[in-house]
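Note sheet for the following structure.
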Amino acid sequence: KKPKVVIIGRPNVGKSTLFNRLVGKRIALVDDTPGVTRDRREGEAKLFDLDFIAVDTAGLEDAGPETLSGRMRAQTEAALEDASAALLVIDSRAGLTPMDRHFADWLRTAKVPVVLVANKAEGRSGDAGILEAYELGFGEPVGISAEHGEGLADLFEALAPHV
Ligand code: GDP
Ligand code: MG
4 KKPKVVIIGR
14 PNVGKSTLFN
24 RLVGKRIALV
34 DDTPGVTRDR
44 REGEAKLFDL
54 DFIAVDTAGL
64 EDAGPETLSG
74 RMRAQTEAAL
84 EDASAALLVI
94 DSRAGLTPMD
104 RHFADWLRTA
114 KVPVVLVANK
124 AEGRSGDAGI
134 LEAYELGFGE
144 PVGISAEHGE
154 GLADLFEALA
164 PHV
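Numbering of the sequence shown is given in the UniProt record's numbering, commencing with residue 4 and proceeding in unit increments.
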């Protein structure tokens with residue numbers, strides 16, 4: 004059974020873009036649990052010679068403020084079951100938001116290794132955001148650009164010990 008890596012973060016940080024880059028067209032698995040299919044996409048990911056199942060946790064975009072916390076928790080809990088690692092994605096251009104910190108605090112309570120991914124860092128545009136991201140307490144943020152395919156070797160190095 005392939006290890007599972009869950010991609011987590013607030014809306015618009017680039018989770019789905021990263022998922023698509025890792026999985027391409029290899030979307031293979033569908034969770035048929037009602038209410039879950041809509042929120043999660045899983046696929047066979049390849050990152051250099053790492054093979055794993057990537058899980059894109061989407062579906063928070065249309066949640067209202069009053070339901071967000073509960074949905075976030077339920078979805079993240081479900082996605083983290085049996086996960087070998089979590090990728091906590093932030094937007095290095097936007098800087099940290101309260102919601103990023105919320106996800107970080109939540110993940111700290113989960114017993115899963117967390118790799119902090121500072122996306123949208125093409126060129127040097129994310130440098131300030133990468134520095135700020137150290138505050139989240141997950142060690143050195145891995146600067147990547149999911150859209151432009153930069154930083155994937157660094158992501159490989161950070162993820163390889165866990166999968
Ligand atoms: P999600 O809501 O976390 O799944 O985020 P999406 O993958 O839908 O991306 C949100 C927006 O960020 C889209 O407009 C993407 O094109 C953009 N985006 C994603 N990755 C990058 C990146 O590496 N650099 C830049 N500049 N934009 C990105
Ligand atoms: Mg998405």
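We treat Cβ as the ideally placed atom computed from N, Cα and C, and that holds for glycine.
Classify Glu64: buried if its beta carbon has 16 or more other beta carbons within 10 angstroms, exposed otherwise. Within the sequence shown, residue 64 is the residue found at index 61, counting from 1. With a pLDDT of 48 at Glu64, under the threshold of 50, the predicted position of this residue should be treated as unreliable, though the coordinate-derived value follows. That one is exposed.
Cβ shell of Met102 (< 7 Å), same chain only, five flanking positions each side left out: Along the sequence shown, read from residue 1 onward, the residue named residue 102 stands at position 99. If we look at Met102 and ignore the five residues flanking it on each side, its Cβ neighbours are Arg13.
What residues in its chain sit with their C-beta under 6 Å from that of Glu150, if we drop five residues either side in the sequence? To locate residue 150, count along the sequence shown from 1; it is residue 147. Within the same chain, Glu150 has close Cβ partners Thr20.
Candidates Ala77, Ala48 and Leu139: closest to Ser95 by CA position: Start at 1 with the first residue of the sequence shown, and residue 95 comes out as number 92. Among Ala77, Ala48 and Leu139, the Cα nearest to that of Ser95 belongs to Leu139.
Helix, strand or coil, according to DSSP, for Thr100 in the structure here? Here the question's residue 100 lines up with position 97 in the sequence shown. The answer is coil: DSSP assigns Thr100 none of H, G, I, E or B.
Assigned secondary structure, Glu47 (DSSP; H/G/I helix, E/B strand, else coil): Stepping through the sequence shown from its first residue, residue 47 is reached at position 44. Strand.
If I measure Cβ to Cβ from Gly129 and keep anything under 7 Å in the same chain, skipping five residues before and after, which residues do I get? Within the sequence shown, residue 129 is the residue found at index 126, counting from 1. Contacts found: Ser95, Arg96, Ala121, Lys123 and Gly146.
Give every residue of the same chain whose Cβ lies closer than 6 Å to the Cβ of Lys49, excluding the five residues on either side of it in the sequence, and list them in chain order. Locating residue 49 in the sequence shown gives position 46, counting from the first residue. Within the same chain, Lys49 has no close Cβ partners at all.
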